[in-house]
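In my numbering, the protein residues as written are -13 to 200. Every residue, glycine too, gets a C-beta built ideally from N, C-alpha and C.
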Amino acid sequence: MLDGPRLAPLSGSSADALVVLIHGYGSNGDDLIALAAAMQPMLPGAAFVAPNAPSQLPHMAAAYQWWPIETFSMAERAAGAAAAAPGLDAFITAELEKAGLSSDRLLLVGFSQGTMMALHVGLRRPDAAAGIVGISGMLVAPESLQADIRSRPPVLLIHGTEDEVVPFRSMEMASTVLTETGVPVETHVSPGIGHGVSQDGLVAATNFARRVLT
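The structure is reproduced here in structure tokens:
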């Protein structure tokens, strides 16, 4: 089973929501849990968890991957996300059960490869999450979404116009496919921002989270 760093609700009470932060390639849960600290004041009742991906990069300490990147092809991404999905899905279900929460109190927040995982898993869970935030990522296997989709939670896509790793057009393509599939989508553009989490993007994500969880 996956695991990673956690933050208990700032309220000191039992969690009234669960935010799962899904890191990108070559990163780890500790890196992404920092976002939780910034979001917590606006979501005092939420518990946060940032699982480490299932496999470690060779010869690199504390660097994890949801799947190995070798060819950068869409087929590789689709196969990788599909292979990693059951583990993340089971982790999310277990965390909700431990917290005594239903899926409508769940928010998935992904960055880069983590966005690909958040969308792939979140849209295939039978019970809709409260929402999905995807930062600097893309939708993998768009051609199979219509057949595979099982729920349609609201989605916020955040992307920098100068992203040199995952091109900005990836957000536009994902937004188009999601809209065509009946998923409510919002987008936030960060002008001049590369592959990362900008302050304006973090504010947009936090405002979206507060809206869908209250």
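Are there 16 or more other CB atoms within 10 angstroms of the CB of residue i, so buried, or fewer, so exposed?
i: Q132; result: exposed
i: Q185; result: exposed
i: G(-2); result: exposed
i: F77; result: buried
i: P139; result: buried
i: L(-10); result: Per the sequence shown, residue -10 should be read as Gly rather than Leu. By the neighbour-count rule (16 or more Cβ atoms within 10 Å), G(-10) is buried.
i: I197; result: Residue identity check: residue 197 is Arg in the sequence provided, not Ile. Under this definition R197 is an exposed residue.
i: A61; result: exposed
Sorted by chain position, which residues of the same chain lie with C-beta nearer than 8 Å to residue i's C-beta, five sequence neighbours on each side aside?
i: L188; result: L21, A24, M25
i: A70; result: A39, P40, W52, W53, M103
i: S161; result: L143, V171, T173
i: E150; result: G180, H181
Looking at residue j and residue i, is the spacing between their C-beta atoms short of 8 Å?
i: P37; j: G15; result: yes
i: A33; j: A80; result: no
i: A195; j: V107; result: no
i: D29; j: V5; result: Strictly speaking, residue 29 in this sequence is Leu, with Asp absent from that position. Cβ atoms of L29 and V5: closer than 8 Å.
i: L199; j: A116; result: yes
i: G12; j: A47; result: no
i: P112; j: S130; result: no
Return the Cβ separation of residue i and residue j in integer angstroms, given the expectation that the two are a contact with Cβ distance under 8 Å.
i: H145; j: V175; result: 7 Å
i: A191; j: V95; result: 7 Å
i: V141; j: L164; result: 6 Å
Excluding five sequence neighbours on each side, which residues of the same chain lie with their C-beta closer than 7 Å to the C-beta of residue i?
i: A1; result: P(-5), G31, A32, A33, A85, L87
i: D134; result: R110
i: A64; result: V126, A127
i: E148; result: G178, I179, G180
i: T167; result: L131, Q132, I135
Under 6 Å Cβ to Cβ from residue i, same chain only, skipping five residues before and after it: list those, please.
i: G10; result: F97, S98, Q99, G100
i: G66; result: W53
i: L18; result: L7, H9, A36
i: T57; result: none
Margin query: Contact between the stretch 74 to 91 and the stretch 141 to 157 is defined here as three or more beta-carbon pairs at a separation below 8 Å; is this criterion met?
Written below: no
Note to self: I'd like to know if the stretch 116 to 124 and the stretch 96 to 105 are in contact, where contact means that at least 3 CB-CB pairs between them fall below 8 Å.
What the structure shows: yes
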